[in-house]
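Q: Here the sequence shown is numbered in my numbering, starting from -13 and rising by one per residue. Even for Gly, the Cβ is constructed at its ideal location relative to N, Cα and C. One structure coming up, written as structure tokens, with questions to follow.
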Amino acid sequence: MHTRFQAPNLNALWTQLFVEEALRHGLDYFCVSPGSRSTPLTVAIARHPDARMQLFYDERAAAFHALGYARATGKTAILVCTSGTAVANYFPAVIEASVDHVPMIVCSADRPPELEQSGANQTIPQTHIFGQHVRWFFEMPCPTSAVPPNFVLTTLAQALHRATGPFAGPVHLNWRFREPLAPSPEAISETYTAPITRWFEGKQPWTHHIHASSESEPALSSELIHQIATSSKGILALGRMPLWWDKRPLLQLAERLGWPIFADIGSGLRLGPAPTQRILSFDILLREKALSTEMSPDMVLHLGGPLLSKRFPSYLQEHLQAPYILVQDHPERIDPTHQVHQRLSCHPCAFAKALLQHLPQASQTTGNPWFAQWKALDDTQQAQLQSSLAQAPLHEPAIAHDISTLLPKEHVLFVGNSMPIRDLDLFASTGGSAVPIAANRGASGIDGLLATALGVVAGSQKQGTLLIGDLSLIHDLNSLILLQQSQLPLVVLVINNHGGGIFQFLPIAQFEDVFQRCFTTPHSLSLAPIARAIGLSAVQVTTREELRQAYKSALSNQTPSVIEVLTQKEDSLAFHRTLRPSKT
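Here you go:
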């Protein structure tokens, strides 16, 4: 055996091969939770000089952190845990990664087959535990000399291929280990490792999986090109997209088309000054039935994932005669109202590049009466909205607006679910920085959001801000410890309105006998003192000026911190109820 791989036993050898092959494929980020059965994997990672290992007290936070890292980089993190309920704690993050096509490799340790259904401690059925939520499941046998060592190398390559291919998502390798789990010496025959001698001596992976680039140029039909080029009343919808995409081709396409743009906050193109054709108030404008009917498109081109707006699908339903073209980089259906006329499974940025070659060079915005109509409506709506926000107290819409104006350029923003992301989508200013944005909008859960944000910060290697609700932070209080240990500062802006504010917008709010007790889940927790008890810098604010000053101070201190923003749910509800389309 090569001197670089002096493994004391087969368990150690297999895991060393796995870790080395992962690193040769560019996977160097490992999220490890302590446990006994996973000892061989943990030791192999800990002893490799090039492996970056992050330790986690609980597996749920580890999995969401790995999810955030992949959101920021497009690269797969590798999760390692012991057997039993440990692996089950990965489930929420695995679901989110599956629904939103985020790569992830789960390595769970397991007991040998003879201990299953025997009453052995910490032993549960782990085979296919994630069901259809993984792209690939594989049962690693207990390390044995009957299986050649190159099997381990090709298994890692296959896991990576399935996690990052055209249908990206999580994969699960269930590793079975017999004793000894510690690196105790047991002889390994030199003949066993002979087949991979050249691999030992080199630095390249054993197996290269080559698939077509997700950004390769798509074939566009002449009919589709003609439809888009001749549209006089088109709408460009920009849905959720990974923050690591290079979106310059989308900006170029938007400028060339000159159509009104409905940009979702998750597109990363909602903040900042460009693109200039954005209709910021489209969700509010579409609330007016007469306006929605009057402004009939002749085409909708939708690039990326779904939009947050509930009115946008309704608008499409009212105009079924208009061709609706959806472009996304995976084959799954994104069509909850079943209206898509053409579905292109290709990278939206590659689509934009290809389409640009067939469109007139000059922007079509100038003199476009269709765009002018939308722009006039939007300008009037925005003027009214900005006037209302300027006079508003500290409520959720005002928080979203103010923070969007203060975000530093070299920053990353993670937005929590329920109301924070909706308020940012509706009320964010375009006068601030166009920072990268991420959110867990695959399954839209409120669990693991702080851990995910910390993963995004670690992956992007940028300072960050997390805008989150109180119930979401309560779901993930364990991750305050990770925040306190973070090498890169993350400012956590937690909106504490003492319960689930989103429920007051739902029909159940009319039923007082169950609404407060069963849905808003009221609480009296103060979150800043909890953060301070863990050793974090934390303050409470009750006015917009206090919020601005606290946020600027947190940014200048460049340390992980928590700002608890105390609000009243009723103020936000009242402001939302004033949102009606303005008349020009």
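Across which residues does DSSP place ILE423 in a beta bridge pair?
A: LEU399
Q: Within 10 angstroms of the Cβ of ASP499, are there 16 or more other Cβ atoms? Answer buried if so, exposed if not.
A: exposed
Q: Sort ARG10, LEU237, GLN307 and THR150 by Cα distance to PHE186 and report the nearest one.
A: ARG10
Q: On the DSSP bridge assignment, give the partners of GLY220 in chain order.
A: MET285
Q: Could you tell me the distance, in whole angstroms, from the CA atom of ARG38 to the CA atom of ARG427?
A: 28 Å
Q: If you count every other CB in all the chains shown that lies within 10 Å of the CB of PHE631, and 16 or more means buried, which is it?
A: Here the chain covers residues -13 to 570 and nothing more, so residue 631 does not appear.
Q: With distances taken Cα to Cα, identify the nearest neighbour of ILE265 among TRP360, VAL478, GLN526 and PRO322.
A: TRP360
Q: According to DSSP, simplified to helix, strand and coil, what is HIS573?
A: Given a span of -13 to 570 for the chain in the structure shown, any question on residue 573 remains unanswerable.
Q: In chain order, what residues of the same chain have a beta carbon less than 7 Å from the beta carbon of HIS509, not counting five sequence neighbours either side?
A: HIS484 and GLY485
Q: Buried or exposed for ILE549, going by 16 or more other Cβ atoms inside 10 Å?
A: buried
Q: On the three-state DSSP scale, how would you describe ASP364?
A: helix
Q: Considering only C-alpha positions, which residue in the set ASP44, THR141 and LEU565 is nearest to THR366?
A: Checking every option, the nearest Cα to that of THR366 belongs to LEU565.
Q: Please report the Cβ distance between PRO99 and ARG162, rounded to the nearest whole angstrom; I am assuming they are in contact, meaning their Cβ atoms lie under 8 Å.
A: 7 Å
Q: Give me, in chain order, the residues of the same chain whose beta-carbon lies closer than 8 Å to that of THR570; leave out the 5 immediate sequence neighbours on both sides.
A: At THR570 the pLDDT is 48, less than 50, meaning the model places this residue with poor confidence; the figure from the coordinates comes in the next sentence. Taken in chain order, the residues that qualify are ALA362, LEU363 and THR366.
Q: Whose CA, out of ALA58, ALA340 and ALA(-7), lies closest to the CA of ALA30?
A: ALA(-7)
Q: Looking only at its own chain, which residues have a Cβ that is under 6 Å from the Cβ of ALA340, when we skip the five neighbours before and after it?
A: GLU203, PRO204 and LEU206
Q: Determine which residues share a DSSP beta bridge with VAL451 and list them.
A: Here the sequence assigns Thr to residue 451, which means Val is not the residue at that position. Per DSSP, LEU399 and VAL477.
Q: Please state if the CB of LEU552 and the CB of GLN526 are separated by a distance shorter than 9 Å.
A: Yes. Within cutoff.
Q: What is the DSSP secondary structure of SER458, counted as helix, strand or coil?
A: helix
Q: Within the same chain, show all residues whose beta-carbon is closer than 7 Å to that of LEU293, passing over the 5 residues directly before and after it, in chain order.
A: ALA223, GLY225, PHE248 and ASP250, listed in sequence order.
Q: In three-state terms, what does DSSP make of LEU463?
A: coil
Q: In this structure, how does DSSP classify THR570 when only helix, strand and coil are distinguished?
A: Because the pLDDT of THR570 is 48, which lies under 50, any placement of that residue in the model is unreliable, and the number read from its coordinates should be weighed accordingly. Looking at THR570 - three-state DSSP - the assignment turns out to be coil, as it is neither helix nor strand.
Q: Please go through the segment 26 to 93 and give each complete alpha helix (DSSP H) segment of 4 or more residues, from N-terminal end onward.
A: 45 to 59, 71 to 74 and 77 to 85
Q: Taking the beta strand (DSSP E) that MET405 belongs to, which residues open and close that run?
A: Segment 405 to 413 is the alpha helix (DSSP H) holding MET405; no beta strand (DSSP E) there.
Q: So the beta strand (DSSP E) LEU229 belongs to, where does it begin and stop?
A: Where LEU229 is concerned, there is no enclosing beta strand (DSSP E), given that its DSSP letter is neither H nor E.
Q: PHE16 lies in the beta strand (DSSP E); which residues open and close that run?
A: 15 to 18
Q: Could you tell me the alpha carbon to alpha carbon distance between SER253 and LEU3, rounded to whole angstroms?
A: 39 Å
Q: How is ASN482 classed by DSSP in three states: helix, strand or coil?
A: In the structure shown, ASN482 sits in a strand (DSSP, three-state: E or B).
Q: Tell me, please, whether the segment 212 to 223 touches the segment 284 to 299 by the rule of three or more beta-carbon pairs shorter than 8 Å.
A: Using a C-beta cut-off of 8 Å, the segment 212 to 223 makes contact with the segment 284 to 299, since at least three inter-stretch Cβ pairs fall below that distance.
Q: Opposite GLN238 in the DSSP bridges: which residues?
A: None; GLN238 has no bridge partner.
Q: Which value, in whole angstroms, describes the spacing of the CA atoms of GLU125 and THR113?
A: 7 Å
Q: What three-state label does DSSP hand SER510 in the structure shown?
A: Coil, per DSSP.
Q: Buried or exposed for ILE196, going by 16 or more other Cβ atoms inside 10 Å?
A: exposed
Q: Give the single residue among ALA8, THR25 and GLY12 whose Cα lies nearest to the Cα of ASN(-5).
A: THR25
Q: Classify LEU552 as helix, strand or coil using the three-state DSSP reduction.
A: DSSP places LEU552 within a strand segment (E or B) once states are collapsed to three.
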